[in-house]
Every structure is written in C-alpha cells, then in structure tokens.
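All remarks here apply to the structure that follows.
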Amino acid sequence: MDTYEFLSDPRAICLAHRNEMRASLQRENSWWFTRLTQLCESSKPEADFPAYLLATPPFRDLAHKLALATGRQQLDLATADEFDWFMRAFRDYLRTEAGEDVFSGAHPGSQER
Numbered sequence: 001m002d003t004y005e006f007l008s009d010p011r012a013i014c015l016a017h018r019n020e021m022r023a024s025l026q027r028e029n030s031w032w033f034t035r036l037t038q039l040c041e042s043s044k045p046e047a048d049f050p051a052y053l054l055a056t057p058p059f060r061d062l063a064h065k066l067a068l069a070t071g072r073q074q075l076d077l078a079t080a081d082e083f084d085w086f087m088r089a090f091r092d093y094l095r096t097e098a099g100e101d102v103f104s105g106a107h108p109g110s111q112e113r
C-alpha cells in the first residue's frame, strides 16, 4: 500500500487510473467487497463498487473500524454513519467523475444523517 501514500484525495486521479488501481488491488477489492456486503443495511453494493479504497491510506481509519465487524449491529452509530456516507459517496466512483462535489463539506448530501 505504500505505493499509494500520495493518494490523500481519491478524487485526485482520473477515471482511467481509478480502474487501473482497482485492477492492481483486485485481491483487496474482493476481500473488502465481501465485508461491505455483510455490513450493508439494505441494498448491497453493485459489482463495480470500489471496495479497494478501504485498502488505501485515506480510508485507513474507517477500514480499521470495519475490519472486525461481521454484521452491521457490531458498528457503533458514528461508524455506521461514516460507512453509509462511504457507500453513497463512492457508488459511482468507477463510472463517472461527475457530481464529486459530494466530497465537499458544503454539499447538502454531506449533512445527511
């Protein structure tokens, strides 16, 4: 993972590089994808969800919180909220760069609870 230490903002790379990164982190993507499907409350992530992001430095803290949980009931409220934000914010990450203002603190979606 040291290769990606530069990646402090996942929006900083273009769509092509995002997909290249997914391919290079396929093992991590598979592991995290399985974990995410266990933790989702209702709808499961689509097959192209970038679960590999949890293996990168910007999401180290969230990954640590999610790593040992095998079900949503094991997440505290703050972690569940952060997890839900992650799932919403990155659902189209490998499809488009449009609408990425969701990452901005001023965006109305960032105030959802």
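Residue numbers (our numbering): 1 to 113. Backbone N, C-alpha and C define an ideal beta-carbon position, used for all residues, glycine too. All figures in this text were calculated on a predicted structure; none of them were measured in a lab.
Item to complete: For Leu15, name the three-state secondary structure that DSSP assigns.
Response: Leu15: helix per DSSP, three-state reduction.
Worksheet entry | the segment 75-86 touching the segment 25-32, judged by at least three CB pairs closer than 8 Å | No: the two stretches stay apart, fewer than three of their Cβ pairs being nearer than 8 Å.
Worksheet item: Which residues bound the alpha helix (DSSP H) around Leu62?
Response: Judged by DSSP secondary structure, Leu62 falls within the alpha helix (DSSP H) whose first and last residues are 60-67.
Practice prompt. Could you tell me the distance, in whole angstroms, from the CA atom of Asp9 to the CA atom of Ala55?
Written response: Distance between the alpha carbons of Asp9 and Ala55: 14 Å.
Worksheet entry | Counted within 10 angstroms of its Cβ, other Cβ atoms place Arg18 as buried (16 or more) or exposed | So Arg18 ends up on the buried side.
Worksheet entry | Simplified DSSP assignment, three categories, for Leu94 | Here Leu94 carries a coil assignment [DSSP, helix/strand/coil].
Discussion item. According to DSSP, simplified to helix, strand and coil, what is Leu54?
Written reply: If DSSP states are grouped into helix, strand and coil, Leu54 belongs with the helices.
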